[in-house]
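> Please find one structure pasted underneath; my questions will follow.
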Amino acid sequence: MSYGMSRRRFVASVGAFAGGIALEVPLAGLCAADVGRGAPHAEKLGWRIACCAYTFRKHPFAEAVQKTAALGLKCLEGFAWQPLSKADAKVQTNETMSSAARRQMKSILADHGVKFVSCYLSELPNKEDVCRKKFEWGKELGVEYFVAEPPKDAFDLLARLCDEYQISLAVHNHPKPHSVYWNPETVVQVCQGRTKRIGACADSGHWVRSRLDPVECVKKLEGRLIGFHLKDLAEFGKPESHDVPWGMGKANIAGILAEVKRQGARPVFGIEYERELPDAELEREVAQCIANFDHMASKLSG
């Protein structure tokens, strides 16, 4: 079954758009050959890159999977309110899906060789019946971890479910004042004394918006890094600042990666682009993130 444009057509369009573009920092230039190759040097460090489906939120899940595969990536982070496909626009990728829709979702992933590694949940309340349905759905889809910002009183329940279902919980940080987890010290507090399956989904862009040093934040989360929403922003300390390709902004992506390597951590690095861009430009910048990331990883891997 075909979902959206073919891989060959997607790679050709992004490569034509990206070819010959020089970076503003001393990183590898992006050319057509880089598109679709993934991040082989990062794999040597045991690191995986996932495309966050939210990056392609204007499209249904099926097209986000296709775009992820065309970029050479093997992992995807979903979000719970994304339509499954154009034909099934009323079906969202969450625990309310029918058995038939779940089979279709698994088929879409398998057809493109993409793993549904994580899912962002809009809520994870202190209600066992509600949470258990989400964990059962995640287990069926092969989810490794959920990304959420649960209320603090839910963590005893969630820790128990994480161990039972062997699915981790990565606590995400939106910027202040919108999230109680904007400061990594709060994330450390809810992790303390609990299963190692409770950890962090570190959003470097939101740290920059909150005027926090991303490298220092990563240091505070040592031993609890599960995933990243890795972002680089054009300006420091400005809530309205927009995404730029990794390594070209103020988030010190190279410093973050060096610290992750020092810790010996193997989190999943998610590409979550919040900036609204035309499809071709968005795809080019995501491809550039991957190429830049792999270039930085090549230096760290030797």
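Just so you know, we're using this note's numbering here: the sequence shown kicks off at 7 and counts up by one.
Ideal placement from N, C-alpha and C gives every residue a C-beta, glycine not left out.
Since the model is a prediction, treat every value here as computed from it, not as a measurement.
Unbroken beta strand (DSSP E) runs of length 3 or more, entirely within the region 146–183: which are they?
Runs found: 151–154 and 174–178.
> Starting from the C-beta of G148, find all residues in its chain whose C-beta is less than 7 Å away, skip the five residues before and the five after it, and write them out in chain order.
Residue numbering aside, residue 148 sits at position 142 when the sequence shown is read from its first letter. If we look at G148 and ignore the five residues flanking it on each side, its Cβ neighbours are K121 and F122.
> Can you find the residues in the same chain that come closer than 7 Å, C-beta to C-beta, to V221, ignoring five residues on each side of it along the sequence?
Position 215 of the sequence shown, counting from 1, holds the residue named residue 221. Hits under 7 Å: N258, G261, I262 and E265.
> For T99, is the classification buried or exposed, using 16 other Cβ atoms within 10 angstroms of its Cβ as the cut-off for buried?
On the sequence shown, residue 99 is found 93 positions in, with the first residue counted as 1. The residue is buried, with at least 16 neighbouring Cβ atoms inside 10 Å.
> Which residue's Cα is closest to the Cα of H248: V274, G211 and L175?
For this step, residue 248 is matched to residue 242 along the sequence shown. Comparing Cα positions, the closest option is G211.
> Pull up the distance between the alpha-carbon of W213 and that of L231, whole angstroms please.
As a first step, residue 213 must be located in the sequence shown, where it is residue number 207. As a first step, residue 231 must be located in the sequence shown, where it is residue number 225. Straight-line Cα distance between these residues: approximately 15 Å.
> Using 10 angstroms around the beta-carbon of F16, count the other beta-carbons present and answer buried if the total reaches 16, otherwise exposed.
Locating residue 16 in the sequence shown gives position 10, where the first residue counts as 1. In this prediction, F16 has a pLDDT of 35, which is less than 50 and means its spatial position is unreliable; nothing more can be read from the coordinates.
> By the three-class DSSP mapping on this structure, what secondary structure does S124 have?
In the sequence shown, counting from the first residue as 1, residue 124 sits at position 118. DSSP places S124 in strand when its eight states are reduced to three.
> Please specify which runs of the alpha helix (DSSP H), each continuous and at least 4 residues long, are wholly inside the region 225–296, giving them in chain order.
As far as the region 225–296 is concerned, its whole alpha helix (DSSP H) runs of at least 4 residues are 259–269.
> Less than 7 Å between C-beta atoms, sequence neighbours within five positions excluded: which residues of the same chain meet that for E134?
For the purposes of this step, residue 134 is taken as residue 128 along the sequence shown, with counting starting at 1. Taken in chain order, the residues that qualify are L163.
> Could you check if Q198 is buried or exposed, using at least 16 other CB atoms within 10 Å of its CB as the buried criterion?
Position 192 of the sequence shown, counting from 1, holds the residue named residue 198. Flag for Q198 reads exposed.
> For D238, count the other beta carbons within 10 Å of its own beta carbon; 16 or more makes it buried, fewer makes it exposed. Which is it?
For the purposes of this step, residue 238 is taken as the residue at position 232 of the sequence shown. Under this definition D238 is a buried residue.
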